Each structure stands twice: as C-alpha cells, then as structure tokens.
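**Student:** Sequential numbering of the sequence shown, starting at 17, is according to the numbering used here. Using N, Cα and C, we set each Cβ at its ideal position, and we do this for glycine too. Everything numeric in this text was worked out from a predicted model, so none of it was measured. Can you keep this structure in mind? I'll have questions shortly.
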Amino acid sequence: MMGAPGLVPFDVMTGQAGKWMIGYQVMFEKFDGILDGTDGISEAEVLNRFNTTPTDMTMQMHMPMVMVAPTDEFTVMAMLPYIEMSMGELHRDGTRSTERSKGIGDLELRGVYSLYTAKDLRHRILANFGVGFPTGSINQRDAEGARMEYPMQTGSGTYSLLPGFTYLGQALPWGWAVDFNSTLRLGRNDIGYRLGNR
Numbered sequence: 017m018m019g020a021p022g023l024v025p026f027d028v029m030t031g032q033a034g035k036w037m038i039g040y041q042v043m044f045e046k047f048d049g050i051l052d053g054t055d056g057i058s059e060a061e062v063l064n065r066f067n068t069t070p071t072d073m074t075m076q077m078h079m080p081m082v083m084v085a086p087t088d089e090f091t092v093m094a095m096l097p098y099i100e101m102s103m104g105e106l107h108r109d110g111t112r113s114t115e116r117s118k119g120i121g122d123l124e125l126r127g128v129y130s131l132y133t134a135k136d137l138r139h140r141i142l143a144n145f146g147v148g149f150p151t152g153s154i155n156q157r158d159a160e161g162a163r164m165e166y167p168m169q170t171g172s173g174t175y176s177l178l179p180g181f182t183y184l185g186q187a188l189p190w191g192w193a194v195d196f197n198s199t200l201r202l203g204r205n206d207i208g209y210r211l212g213n214r
C-alpha cells in the first residue's frame with residue numbers, strides 16, 4: 017500500500033464524492049488434505065467409512081464490481097462473481113474421477129461508511145455492511161445427474177447479512193490495513209439446509 021496520501025484498497029472510495037469505478041478481481045484457491053475436526057486423516061481412513069473421498073479441490077472466482085461514492089464518507093458497490101470449481105475423488109474400488117461445476121455466485125450489495133478519519137489520514141475506521149442475494153445455483157449436478165456436495169455449489173440459496181469493519185493506517189510512504197468481514201445466513205435454502213455463518 018505504498019503511495020500518495022489517502023491511498024486505500026481498491027474497493028474503498030472514501031473521500032471521492034460523486035465518482036464511480038469499475039473493478040475486477042480474480043481469486044484462485046487450491047485445497048488438499050482431509051481433516052476430522054482439527055486432526056488430519058488419510059484417504060484410506062475416509063474410505064473405511066465412505067465409498068468415496070475427496071482428494072483435492074480448486075476454485076477460481078472472477079469478481080466484477082461497480083462502485084459509486086454518493087458522499088466522501090459513503091461508498092456503495094455491487095458484486096456478482098463467476099465461479100469455476102473442480103474436485104478430485106478417489107473411490108473405494110481404486111478408480112478416480114473429477115467433479116466440475118461453474119456458474120454465477122450470489123449477488124452482493126455492500127456499503128462502506130467512514131466512521132473516523134484523522135486529519136492527516138494516519139488512521140481511518142470504516143464500517144462495512146451489505147446483503148447477499150441467492151442468485152447462485154444450489155442444484156449443480158454431476159455427470160450421472162446426482163446433486164453435488166455443498167462445497168461444489170456456486171450459491172448458498174439464502175439471503176445473508178454481510179457486516180464488518182476496516183481499519184486503515186498510513187505513515188508515508190507506507191500504509192497498512194486490518195479488514196474483518198462476516199456472513200450471517202438468514203434462513204434455510206430450498207433444499208432445507210442452513211449453511212454455517214462465518
């Protein structure tokens with residue numbers, strides 16, 4: 017975050033009243049290993065209890081967003097991700113397969129409000145709040161037509177509240193930040209399942 021006074025992460029537009037911005041982010045995640053609670057377990061241990069075990073999972077998310085700042089203190093943004101996922105699987109008979117899913121995720125409408133700004137911009141505290149809409153699929157199916165596991169679905173199927181906060185610090189030429197965001201599910205989806213809050 018090196019640069020000029022007032023530098024902020026690219027999805028924050030405090031002090032930019034009347035301006036708007038289009039943004040695009042790409043995120044890639046890869047997971048492997050299996051946990052039982054906090055303990056790592058082997059694929060063989062899983063196959064002692066189930067016919068199939070996951071071996072690894074990758075997720076790539078493309079996130080376009082539109083932001084506008086009605087005032088210097090307030091920013092509004094809309095984000096709609098496109099998600100591609102794959103999960104490797106090992107079956108009890110020794111064969112392997114790969115599940116794949118893709119599609120749009122849940123639409124998010126967010127607001128960021130500046131609660132405190134020091135005159136020299138050395139410290140800033142922002143409140144984040146938003147709503148998630150269930151635009152992503154919870155009915156992705158594999159090649160045999162069976163509904164895939166929740167980690168392979170592109171949506172949650174529920175409305176969500178998205179509270180959080182951001183702290184921005186600056187002492188030129190350096191800047192730093194702490195960001196906390198959470199997701200609070202408001203109900204069960206059409207399958208009757210309530211995804212966990214985070």
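Just tell me which of Met75, Arg112, Val92, Phe181 has its CA closest to the CA of Glu59.
**Tutor:** Position 43 of the sequence shown, counted from the first residue, corresponds to residue 59. The shortest Cα separation from Glu59 among Met75, Arg112, Val92, Phe181 belongs to Arg112.
**Student:** DSSP state of Ala20, grouped into three classes?
**Tutor:** For the purposes of this step, residue 20 is taken as residue 4 along the sequence shown, with counting starting at 1. Note on Ala20: pLDDT 46, under 50, position unreliable in the model; no value is reported.
**Student:** I'd like to check one pair, Asn205 with Pro167: are the Cβ atoms closer than 8 Å?
**Tutor:** In the sequence shown, residue 167 corresponds to position 151, counting from 1. In the sequence shown, residue 205 corresponds to position 189, counting from 1. No, the pair does not count as a contact, with Cβ atoms beyond the cut-off.
**Student:** Answer yes or no: do Met73 and Met103 have a C-beta to C-beta separation smaller than 8 Å?
**Tutor:** For the purposes of this step, residue 73 is taken as the residue at position 57 of the sequence shown. For the purposes of this step, residue 103 is taken as the residue at position 87 of the sequence shown. Yes, the pair counts as a contact, with Cβ atoms nearer than the cut-off.
**Student:** Under the rule that 16 or more other beta-carbon atoms within 10 Å means buried, what is Val82, buried or exposed?
**Tutor:** For the purposes of this step, residue 82 is identified with residue 66 of the sequence shown, where counting begins at 1. Burial call: exposed.
**Student:** Measure how close the beta-carbons of Leu177 and Leu200 come, nearest whole angstrom, since I'm counting them as under 8 Å.
**Tutor:** Locating residue 177 in the sequence shown gives position 161, counting from the first residue. Locating residue 200 in the sequence shown gives position 184, counting from the first residue. So it is a contact: roughly 4 Å between Cβ atoms.
**Student:** So what does Glu105 bridge to, in DSSP terms?
**Tutor:** Within the sequence shown, numbered from 1, the residue matching residue 105 stands at position 89. Answer is Pro70, Ser113.
**Student:** Alpha carbon to alpha carbon, how far is Glu61 from Pro189?
**Tutor:** Translated into positions along the sequence shown, residue 61 becomes position 45. Translated into positions along the sequence shown, residue 189 becomes position 173. In a straight line, the C-alpha of Glu61 is about 52 Å away from that of Pro189.
**Student:** Can you look up Tyr183 in the DSSP assignment and give me helix, strand or coil?
**Tutor:** For the purposes of this step, residue 183 is identified with residue 167 of the sequence shown, where counting begins at 1. DSSP places Tyr183 in strand when its eight states are reduced to three.
**Student:** Give me the Cα-Cα distance between Asp136 and Ala187, rounded to the nearest whole angstrom.
**Tutor:** As a working mapping, residue 136 is identified with position 120 in the sequence shown. As a working mapping, residue 187 is identified with position 171 in the sequence shown. Near 9 Å, if we compare the C-alpha coordinates of Ala187 and Asp136.
**Student:** Fully enclosed by the stretch 125 to 205, which beta strand (DSSP E) runs are 3 residues long or longer?
**Tutor:** DSSP runs (the beta strand (DSSP E)) wholly in the stretch 125 to 205: 139 to 149, 180 to 187, 190 to 197.
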